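In full-length UniProt numbering, the protein residues as written are 1 to 353.
All C-beta atoms, glycine included, are put in the ideal place defined by N, C-alpha and C.
On a predicted model such as this, the values are computed, not experimentally measured, just so you know.
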């Protein structure tokens, strides 16, 4: 049974590619996802993994082969029937804004209010222009305003219909970092106030961390892991998820027992069983910020180079035949001998490739 606060429920969704010689199979495979009221879920994954396809299916722009899509308690698609896009309580913002170039900002926003009275349309345009900080720009055409304001206008048009679900496809792309960060913060607060269930598609883990409540990592048309950002970062279920959410070092280890393994740094012990076969060769994922550096003339490691990144220095350290990434606030010079130590014993172990 769908929870009353589950505004978007996707159950075992499969969508096949249209018949074409160069592509066969399913674009989405047995995919399930729920999004609650006021919740923001971000879809992450490589190009072609199905993120935008999923948004189009929810919006009603692609047919569903099997499974179901339920919005606000009403079935939109179930493989046998489908509700037209215009009749769904869903707003969609494309990456390229998709504003009508021959219409003003006000007319673009009003487009989402077709069928309402003139007074209701005027109130809706005024409300959305104020909420998205577009007041005073209502009579401008898209080419007369910045990329950021164009995106604000596109979001205002999608939200003018008071949708239960808002779908955002790469809305922060092609913006400079300061403008992007401002829009991310403002839009997140607005969506929470409006109690909209939101699905964001992005390639940027930084945008996902800043904007979303939960993340869902996709690969080959399905969700391979979902959860809170901190959980996925600290406990990735696969190399794919680990690599997508941040850089890391894969250190070769030998599994000694259910609780022990041996690495370049010596023997390590975990409080709980790590789940890898005894005697196997594995790779231990250690994030750059989980390695400590100390100057040591007798140290076996050497600083290869340093990249200053503002708050932290990013180092490449040579230890035996391995290059290890380390983040540290301490200043070291290339060529200096250093000692490395692991600050975590968290057993993020993966089978050796």
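Taking residue i as the reference, which of the options has the closest Cα?
{"i": "residue 107", "options": "59, 55, 26, 125", "result": "125"}
{"i": "residue 130", "options": "83, 105, 272, 115", "result": "105"}
{"i": "residue 128", "options": "191, 221, 169", "result": "191"}
{"i": "residue 87", "options": "138, 71, 263, 208", "result": "71"}
{"i": "residue 38", "options": "151, 187, 123, 155", "result": "187"}
{"i": "residue 349", "options": "242, 181, 95, 193", "result": "242"}
{"i": "residue 203", "options": "216, 78, 120, 7", "result": "216"}
{"i": "residue 352", "options": "77, 182, 281", "result": "281"}
{"i": "residue 36", "options": "270, 195, 205, 274", "result": "195"}
{"i": "residue 47", "options": "201, 231, 283", "result": "201"}
{"i": "residue 58", "options": "291, 199, 331", "result": "199"}
{"i": "residue 101", "options": "118, 237, 141", "result": "141"}
{"i": "residue 214", "options": "262, 270, 44", "result": "44"}
{"i": "residue 176", "options": "169, 207, 29, 189", "result": "207"}
{"i": "residue 103", "options": "116, 145, 321", "result": "145"}
{"i": "residue 358", "options": "143, 115, 156, 117", "result": "In the structure as shown, the chain starts at 1 and stops at 353, and residue 358 therefore has no counterpart that could be examined."}
If you reduce the DSSP assignment to three classes, tell me which class residue i lands in.
{"i": "residue 141", "result": "coil"}
{"i": "residue 53", "result": "helix"}
{"i": "residue 159", "result": "helix"}
{"i": "residue 84", "result": "coil"}
{"i": "residue 312", "result": "coil"}
{"i": "residue 1", "result": "With a pLDDT of 44 at residue 1, under the threshold of 50, the modelled position of that residue is not reliable, and the figure given next carries that caveat. Reduced to three states, the DSSP call for residue 1 is coil."}
{"i": "residue 290", "result": "helix"}
{"i": "residue 212", "result": "coil"}
{"i": "residue 202", "result": "coil"}
{"i": "residue 128", "result": "helix"}
{"i": "residue 242", "result": "helix"}
{"i": "residue 249", "result": "strand"}
{"i": "residue 190", "result": "helix"}
{"i": "residue 352", "result": "coil"}
{"i": "residue 346", "result": "coil"}
{"i": "residue 387", "result": "Residue 387 lies beyond the range of the chain shown here (1 to 353); nothing can be said about it."}
{"i": "residue 333", "result": "coil"}
{"i": "residue 21", "result": "The predicted position of residue 21 is uncertain, since its pLDDT is 46 and thus under 50; no value can be drawn from it."}
{"i": "residue 69", "result": "strand"}
{"i": "residue 224", "result": "strand"}
{"i": "residue 232", "result": "helix"}
{"i": "residue 122", "result": "helix"}
{"i": "residue 37", "result": "coil"}
Any heavy atom of the ligand SAM closer than 7 Å to the CB of residue i?
{"i": "residue 303", "result": "Looking at this structure, you won't find the ligand SAM or any other ligand, since it has none at all."}
Under the rule that 16 or more other beta-carbon atoms within 10 Å means buried, what is residue i, buried or exposed?
{"i": "residue 367", "result": "For residue 367 there is no data in the structure shown, the boundaries of the chain being 1 and 353."}
{"i": "residue 303", "result": "buried"}
{"i": "residue 266", "result": "exposed"}
{"i": "residue 272", "result": "exposed"}
{"i": "residue 344", "result": "exposed"}
{"i": "residue 67", "result": "buried"}
{"i": "residue 308", "result": "exposed"}
{"i": "residue 51", "result": "buried"}
{"i": "residue 333", "result": "exposed"}
{"i": "residue 7", "result": "buried"}
{"i": "residue 257", "result": "exposed"}
{"i": "residue 238", "result": "exposed"}
{"i": "residue 139", "result": "exposed"}
Express the C-alpha separation of residue j and residue i in angstroms, rounding to a whole number.
{"i": "residue 323", "j": "residue 317", "result": "5 Å"}
{"i": "residue 424", "j": "residue 219", "result": "Within the shown structure, residues of the chain are numbered from 1 to 353, placing residue 424 beyond reach of any answer."}
{"i": "residue 310", "j": "residue 253", "result": "33 Å"}
{"i": "residue 279", "j": "residue 260", "result": "11 Å"}
{"i": "residue 340", "j": "residue 285", "result": "15 Å"}
{"i": "residue 1", "j": "residue 74", "result": "Any reading at residue 1 is ruled out, since the residue's pLDDT is 44, under 50, leaving its predicted position unreliable."}
{"i": "residue 245", "j": "residue 147", "result": "27 Å"}
{"i": "residue 248", "j": "residue 240", "result": "12 Å"}
{"i": "residue 78", "j": "residue 64", "result": "7 Å"}
{"i": "residue 313", "j": "residue 255", "result": "32 Å"}
{"i": "residue 287", "j": "residue 325", "result": "8 Å"}
{"i": "residue 174", "j": "residue 150", "result": "12 Å"}
{"i": "residue 337", "j": "residue 264", "result": "16 Å"}
{"i": "residue 90", "j": "residue 181", "result": "25 Å"}
{"i": "residue 123", "j": "residue 161", "result": "12 Å"}
{"i": "residue 21", "j": "residue 27", "result": "Bear in mind that the predicted position of residue 21 carries a pLDDT of just 46, short of 50, making it unreliable; the figure below should be weighed with that in mind. Those two C-alpha atoms are separated by around 15 Å."}
{"i": "residue 225", "j": "residue 61", "result": "26 Å"}
{"i": "residue 154", "j": "residue 183", "result": "13 Å"}
{"i": "residue 95", "j": "residue 329", "result": "37 Å"}
{"i": "residue 234", "j": "residue 274", "result": "14 Å"}
{"i": "residue 152", "j": "residue 136", "result": "13 Å"}
{"i": "residue 80", "j": "residue 163", "result": "24 Å"}
{"i": "residue 97", "j": "residue 40", "result": "20 Å"}
{"i": "residue 306", "j": "residue 291", "result": "15 Å"}
{"i": "residue 179", "j": "residue 193", "result": "21 Å"}
{"i": "residue 277", "j": "residue 85", "result": "51 Å"}
Since residue i contacts residue j with CB under 8 Å, what's their CB separation in whole angstroms?
{"i": "residue 99", "j": "residue 158", "result": "Not quite, the Cβ-Cβ distance comes to about 11 Å (not below 8 Å), so this is no contact."}
{"i": "residue 289", "j": "residue 327", "result": "5 Å"}
{"i": "residue 113", "j": "residue 121", "result": "5 Å"}
{"i": "residue 229", "j": "residue 211", "result": "With a Cβ gap of about 10 Å, residue 229 and residue 211 do not count as contacting."}
{"i": "residue 33", "j": "residue 167", "result": "The Cβ separation is near 12 Å, so there is no contact."}
{"i": "residue 221", "j": "residue 42", "result": "Residue 221 to residue 42, Cβ: 17 Å. No contact."}
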